[in-house]
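First comes the structure, then the notes that go with it.
In the numbering used here, the protein residues as written are 1 to 466.
Set out below in structure tokens:
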């Protein structure tokens, strides 16, 4: 009964103060039963409001004072150790009666608590009731757009018959099924065995995979989604002369009664980073979105969040500090180790995806240059081209004869030179070709550059012990 009253007060405060619901159930220091009670109470309150039920009685002055004290205690907790991992939100029924008694609330919360699996996702058995390989792709946002664009550039366009559906296919790989998911759900479904492959940011893999042995990073640099998970503090006030993580950890302001408050959406990585850097008196607060607003509003002292250009930090008078980068991130291709070993077709499809991605990413920075050059022999032309170090190509230029007709006879006066050069050096290459007699210069984009063997494929086989 005491827990029921407590959760009612917490939910009322959260509703009144517009605090996000997950503020409580993601707090690793809230007891599981209380999290479930808060979840059930909140859902019932929301349903009652929508259904038009009579409003709940306003709390008395005494209750309001108690709730204010409880809220203050949660915003300024004392002597709370760093969490080891984020707690998953409980699952609860989608429908609720208009009004719930204390007895039904308690029984619903108990059922909700038992619905939370304590078995690690990596321990889930591999499902054998499907014969298709599944890959998870981000379902929305810039990451989703860039993922689909990359696959299309690799001649692996995703076919989605209905934009409202969350499944699709890749016509060139008939046995591959696409699932559109939230990034964190891609990682979770890789661990549970529902997915075999996924394209997701390395930050998400690190946060929700939590160093799982079952997750294998097949390609760690897909060249989009670049960002960094970084610690940031206010520019002024007590932090004006704080320029490094070491300075921040040694500030005398942080005590057991008044710890450093760090807000983040990366509970696992944030806690690990702070612990490794010697922070003793610190409280980690969980929140999603607009974290830059917490320090200016006095709700946190620092943030650990994703940063790309740093513009948003600067606009909110925040700064990154030396040693504050938790990790560098970009899009990666990830696979389930168990699927690679046990599910038919996964290794072969992974090989094709890796070959195409690697070859395309390499080709995306190069251009093919073709020019006609006068010469007495292919060797003479090659000698002139090789004298220019900027246009030596991958292994060297390809020289081939160009036959033309002169006075009714076939004549050999020109040779065609083909060479691959970096995009950033294209203008210098053109100038140098002209200097040695090159003309009719053509520049062509490349789709693929395949090596004899993809180094990452060899590394993957070594990782798998194959």
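Beta carbons are placed, not taken as given, at the ideal position from N, Cα and C, and that holds for glycine.
Residue 401 holds the alpha-carbon nearest to the alpha-carbon of residue 410 among 401, 417, 416 and 418.
Close CB contacts of residue 202 within its chain, under the 6 Å cut and outside five residues either way in sequence, are with 329 and 332 (chain order). The C-beta of residue 210 has 16 or more other C-beta atoms within 10 Å across all chains shown, which makes the residue buried. The C-alpha of residue 296 is placed about 18 Å away from the C-alpha of residue 230.
Following the DSSP letters along the chain, one finds residue 436 in no alpha helix (DSSP H), marked with neither H nor E. Non-local C-beta neighbours of residue 287 in its own chain, meaning closer than 6 Å and more than five positions away in sequence, comprise 263, ordered along the chain. In terms of CA proximity to residue 388, 434 leads the group 434, 442 and 197. For residue 181, there is no enclosing alpha helix (DSSP H); the residue is found in the beta strand (DSSP E) stretching over 173 to 181. Judged by their CB atoms, residue 454 and residue 367 are not nearer to each other than the 8 Å cut-off.
Residue 169 is bridged by DSSP to 159 and 177.
Below 8 Å, enough C-beta pairs join the segment 137 to 150 and the segment 164 to 180 to call them touching: three or more. Beta-bridge partners assigned by DSSP to residue 201: 331. DSSP places residue 344 outside any beta strand (DSSP E), giving it a letter other than H or E. Linking residue 200 to residue 218 through their CA atoms gives a straight-line distance of about 12 Å. Less than 8 Å separates the beta-carbon of residue 436 from that of residue 384. For residue 247, the enclosing alpha helix (DSSP H) stretches over residues 245 to 249. Residue 223 has its alpha-carbon roughly 12 Å from the corresponding atom of residue 149. Within 10 angstroms of the beta-carbon of residue 204 lie 16 or more other beta-carbons, which makes it buried. Annotation for residue 364: no beta strand (DSSP E) segment contains it, and DSSP assigns it neither H nor E. Short of 7 Å from the beta carbon of residue 425, and not among the five residues preceding or following it, lie these beta carbons of its own chain, in chain order: 390.
For residue 395, the number of other beta carbons within 10 angstroms of its own is below 16, and it is reported as exposed. Taking 3 residues as the shortest admissible run, the segment 371 to 430 contains the following complete beta strand (DSSP E) segments, listed from N- to C-terminal end: 398 to 406 and 409 to 422. Classified as buried, residue 239 has 16 or more neighbouring CB atoms from the shown chains inside 10 Å of its CB. Burial state of residue 271 is buried, judged by a 10 Å Cβ sphere holding 16 or more other Cβ atoms. Assignment of residue 135 by DSSP, reduced to helix, strand and coil, places it in the strand class.
Rounded to whole angstroms, the separation of the alpha carbons of residue 132 and residue 252 is 58 Å. Only buried fits residue 285, as 16 or more other CB atoms lie within 10 angstroms of its CB. In the three-state reduction of the DSSP assignment, residue 305 falls in the strand class. Per the DSSP secondary-structure output, residue 228 pairs in a beta bridge with 307 and 328.
Shown here, residue 222 sits in coil according to DSSP, grouped into three states, outside any helix or strand.
In the displayed model, residue 242 falls within coil according to three-state DSSP, outside both helix and strand. Secondary structure note for residue 454: it is in no beta strand (DSSP E), with a DSSP letter that is neither H nor E. According to DSSP, residue 445 shares a beta bridge with 367.
Here residue 320 is bridged, per DSSP, to 232. Setting aside the 5 residues that flank it on each side, residue 248 is surrounded in the same chain by 242, each with a C-beta closer than 6 Å to its C-beta; the list follows chain order. Inclusion of residue 236 and residue 317 in the CB contact set at 8 Å is warranted, their separation being smaller than that value.
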